[in-house]
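Visitor:
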Amino acid sequence: MKQDIFGTAIRDFYNQEYFEDIIVQAPDFDDDIIPVSYLFRTYSEMPVIEQKALDLAYGKVLDIGCGAGSHALYLQNEKKLTTKAIDISEGAIETCNKRGITNAVIQDIFTLKNEKFDTLLLLMNGSGIIGTLNNIDRFFTQIKTLLHPGGQVLLDSSDISYLFADDDGSFWVDASAAYYGEMRYKLKYKKLESDWFDWLYIDYNTLQNAANANGFLCELLCNGENNDYLAKLIIN
């Protein structure tokens, strides 16, 4: 993105210059907001699926799309795990370093090379970074290069089919259109505005089928309260 929306908001909150929330716009839906304070929540304030993922993390951990670093901080300070936090946001990584994360760097997961981990962590709809369903093979190919033997991927996402449900509960989408979990968003914060970008929500069955096709085993660990779930993936 040309504008570092999340990074600017995270930096402002950390520096106590926070006055506004992040506005999320989508073409066919009303505007939503992300309170910046939510990015700084503690373990006890996190939803169950995030707590479960942190409980299951082990070994050398890569926190992908770390944001303000709340997950990485817990793993580093409370579980004493060797943790690397990465994000494409300069402001987010700057704040992670100020918060005390010992290894936080600006990095795109798709260009990370020559490192391996025991746990790859993708939380807060971690599937979003895949962008569109057409990119999912590329995603699995890349994360396979980053796992130690026996390593795991802990990823959460949501089935957003409920957005397309009729009043009688029936589900309708255009079969000729793109996968219903492919969303496009724009972010606004103060006077900043991002470009439109792709973000993928993926239902569990579709994730499992794609995982199996790419040599992974996929296990549903738990469901959240808002059509979300946590999955574990290991190389078959």
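Numbering (the numbering used here), first residue to last: 26 to 261. Each residue gets a CB set at the ideal place from its N, CA and C atoms; glycine is no exception. Small disclaimer: the values here were computed from a predicted structure and weren't measured.
Output the residue ranges of the beta strand (DSSP E) runs that lie fully inside the segment 220-261 and measure 3 residues or longer, sorted by chain position.
Guide: Entirely contained in the segment 220-261, the beta strand (DSSP E) runs reaching 3 residues are, in chain order, 222-225, 241-248, 253-260.
Visitor: Let me know the beta strand (DSSP E) ranges lying completely inside the segment 53-94, each 3 residues or longer, listed in chain order.
Guide: 54-59, 86-89
Visitor: I need the DSSP call for L148, collapsed to helix, strand or coil.
Guide: coil
Visitor: Measure the alpha-carbon distance for D162 versus D57 and round it to whole angstroms.
Guide: 30 Å
Visitor: Any chance the segment 125-136 sits against the segment 40-56, with 3 or more Cβ pairs inside 8 Å?
Guide: They do not touch, by the three-pair rule.
Visitor: Where do the ends of the beta strand (DSSP E) carrying E207 lie?
Guide: 207-214
Visitor: Is the number of C-beta pairs between the segment 200-220 and the segment 162-175 that are closer than 8 Å three or more?
Guide: no
Visitor: Taking the continuous alpha helix (DSSP H) assigned at A117, which residues delimit it?
Guide: Note, A117: alpha helix (DSSP H), 115-124.
Visitor: Where does T108 fall in DSSP's three states?
Guide: strand
Visitor: Which two residues bound the contiguous alpha helix (DSSP H) that contains Q167?
Guide: 161-169
Visitor: Compute the beta-carbon to beta-carbon distance between Y210 and S183, rounded to the nearest angstrom, for a pair I have assumed lies under 8 Å.
Guide: Going by Cβ atoms, the distance from Y210 to S183 rounds to 14 Å, so no, they are not a contact pair.
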